[in-house]
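Under this note's numbering, the first residue of the sequence shown is numbered 1, with each subsequent residue one higher. Glycine is no exception: its CB is placed at the ideal position from the N, C-alpha and C atoms. Everything below concerns the one structure shown next.
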Amino acid sequence: MSRVLTAVQVTVRPAQEAEWLATVHALATRLVSRGMHLWVFRSRSDPHQYLEFTEGKDDAAHRRRGPADAEEAALERRLQELASYPTTPAVVWEEMPAPPPETRS
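Structure, rendered in C-alpha cells:
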C-alpha cells in the first residue's frame, strides 16, 4: 500500500498557542519513530488557523488509527484540549506513484 496523508484545519486560541505548538512538536518527534511525519503550517491571513499534515507509510499505522502508547495518547488528548479540531474524520489522501517509464524496443 502507498503512503497516506491527512490534513486537518485547527483553530488555536491565542493564550494556548505556545503550549499547543510545544505539544504538537513533541508529538511530531514521537511519530518519527513510527515512520510518520507531522508538519504544521499557520495561515498568513488568520494567525489562529493552522493546518496539521500527517504523512505515514500506510493507512494501518497512521496517526488517525490511534496512538501507539500512553504517552502519545496523552499528547493527542492535550492537543484536543488546547485547540478546536473538526468533528468530522480527516480526509485521507493516498500517494500516487509515477508510472514506470516506457521502454522502447
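Backbone CA spacing between residue i and residue j [nearest angstrom]
i          : j           : result
residue 36 : residue 27  : 10 Å
residue 72 : residue 31  : 8 Å
residue 25 : residue 99  : 35 Å
residue 55 : residue 9   : 15 Å
residue 20 : residue 102 : 48 Å
residue 49 : residue 77  : 19 Å
residue 14 : residue 93  : 30 Å
residue 64 : residue 22  : 20 Å
residue 57 : residue 29  : 16 Å
residue 41 : residue 66  : 22 Å
Simplified DSSP assignment, three categories, for residue i
i           : result
residue 44  : coil
residue 62  : coil
residue 83  : strand
residue 100 : coil
residue 14  : helix
Cross-strand partners of residue i (DSSP beta bridge)
i           : result
residue 9   : 51
residue 94  : 4
residue 125 : Shown here, the chain extends from 1 to 105; a query on residue 125 therefore has no answer.
Inter-residue CB distance, residue i and residue j (contact presumed, cutoff 8 Å)
i          : j         : result
residue 90 : residue 6 : 4 Å
residue 59 : residue 4 : 5 Å
Test: residue i CB closer than 8 Å to a CB of chain B
i          : result
residue 64 : Considering every chain present, this structure includes no chain B. It has just one protein chain.
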